[in-house]
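Report on one structure; see the data block that follows.
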Amino acid sequence: MRTFISDCQRATLLIERRADQQLPLAERVQLWAHLHLCAYCRRYAVQSPALARAARLTAQAPSTARLPSDFAAQLQRRLDEPS
Amino acid sequence: MALLVPEPAQWLARYGDDLYRFALSRVASAEEAQELVQDTLCSALDALASFRGEASERTWLFVILRRKVVDFYRRQARSPFVPLPVLPEQAPEAEFFRPDTGHWQPGQGPADWAAPSGEDDLEQQEFQAVLRSCQQRLSPQHGAVFVLRFAEELSAEEICAALQLTAANYWVIVHRLKLHLRRCLEKNWFGSTPRS
């Protein structure tokens, strides 16, 4: 049987939701009780926002890529056409 | 102050590489990124009349590019819709959680991640490369939600609207993609770095 004490699936789903919105009081209390008892989900609760930060940093990582010149030349011709 | 007049012939020289780099950070391949840049500049050409010179040309082009990124993922996420399974035993979560109790499956519980060893640039780059490769292994729908949520940082409402998801489905998808991503990282990064 699933109870909030055993239900890590539900607890981790709530951890994802609370990153975006405040949870209703009953769910906050249940999550708190679950985290109090479950070391795995406590780890998840720390790692999940860390993963979000890492994803944001990865998306912002500086790049030195250049538009390939043949592609740029082709595109330039379209932009030069008088409209 | 004189309003700016757009100069399409200068766009590539001025903003081409920046637009391309941004596009590359949002999609998986160089071809897709080039297509985004091309779509952006063509749309901008068509919409020249709507450019009022209030924002800079650069800002205006980036607004169009970001819209193209959302469109790209809208198309990607639309392809085969994955229905939510009815029985808990068939749910994708069953890989991670026991269907009877909801407890972590043996061996799937989060491991202790070694703390990053400072601000080492090379290590950062390697980690980001692993994260990117894990990201590319996500399903198309999960990959779309990943970029819109964690790179574009759109709100849940905006993503639900763009991808036509209900809020409940959206949270299930965020949860599943996080589970897959963290397992991939655990296997390919945290599990393989020597721990001292």
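Chains as they are written, first to last, in UniProt numbering: chain A, 1 to 83; chain B, 1 to 196.
For every residue, glycine included, the Cβ atom is placed at its ideal position computed from N, Cα and C.
_Rounded distance between the beta-carbons of residue 80/A and residue 156/B, thought under 8 Å_ = With a Cβ gap of about 43 Å, residue 156/B and residue 80/A do not count as contacting.
*According to a CB-to-CB cut-off of less than 8 Å, which residues of the region 96-110 of chain B neighbour chain A?*
96, 97, 100, 101, 102, 103, 104, 109 and 110
_One or two residues paired with residue 97/B in a DSSP bridge_ = 104/B
*asked:* Tell me which residue opens and which closes the alpha helix (DSSP H) that residue 64/B is part of.
replied: Unbroken alpha helix (DSSP H) run through residue 64/B: 57-78.
*asked:* Quick check: is the beta carbon of residue 1/B nearer than 8 Å to any beta carbon in chain A?
replied: Per-residue confidence for residue 1/B stands at a pLDDT of 48, beneath the threshold of 50, marking its modelled position as unreliable; no derived number is given.
*Does residue 67/A get closer than 8 Å to chain B when you measure Cβ to Cβ?*
Chain B, which has a Cβ nearer than 8 Å to the Cβ of residue 67/A, makes this yes.
*DSSP state of residue 145/B, grouped into three classes?*
The answer is helix: DSSP assigns residue 145/B an H, G or I state.
*Proximity to residue 121/B [Cα-Cα], best of 74/A, 5/A, 73/A and 61/A*: Ranking 74/A, 5/A, 73/A and 61/A by Cα distance to residue 121/B puts 61/A first.
*Cβ of residue 193/B less than 8 Å from any chain A Cβ?*
Any reading at residue 193/B must be qualified, since the residue scores a pLDDT of 48, below 50, and its modelled position is unreliable; the value itself is stated next. Chain A contact via Cβ: absent.
*Is residue 38/A closer than 8 Å to residue 11/A when the C-beta atoms are compared?*
yes
*asked:* Which same chain residues end up closer than 6 Å to residue 30/A when comparing Cβ atoms and leaving out the 5 residues on each side of it in sequence?
replied: 4
_Quick check on residue 143/B - is its C-beta less than 8 Å from some C-beta in chain A?_
no
*Determine the chain A residues that contact residue 17/B at a beta-carbon separation under 8 Å, and present them in chain order.*
65, 66 and 67
*Could you tell me whether the region 157-174 of chain B touches the region 125-134 of chain B, where touching means 3 or more Cβ pairs closer than 8 Å?*
no
*asked:* Using the three-state DSSP reduction, which class does residue 127/B fall into: helix, strand or coil?
replied: It is helical.
*Say whether the region 39-46 of chain A touches the region 68-80 of chain A, bearing in mind that this needs 3 or more beta-carbon pairs closer than 8 Å, one atom from each stretch.*
no
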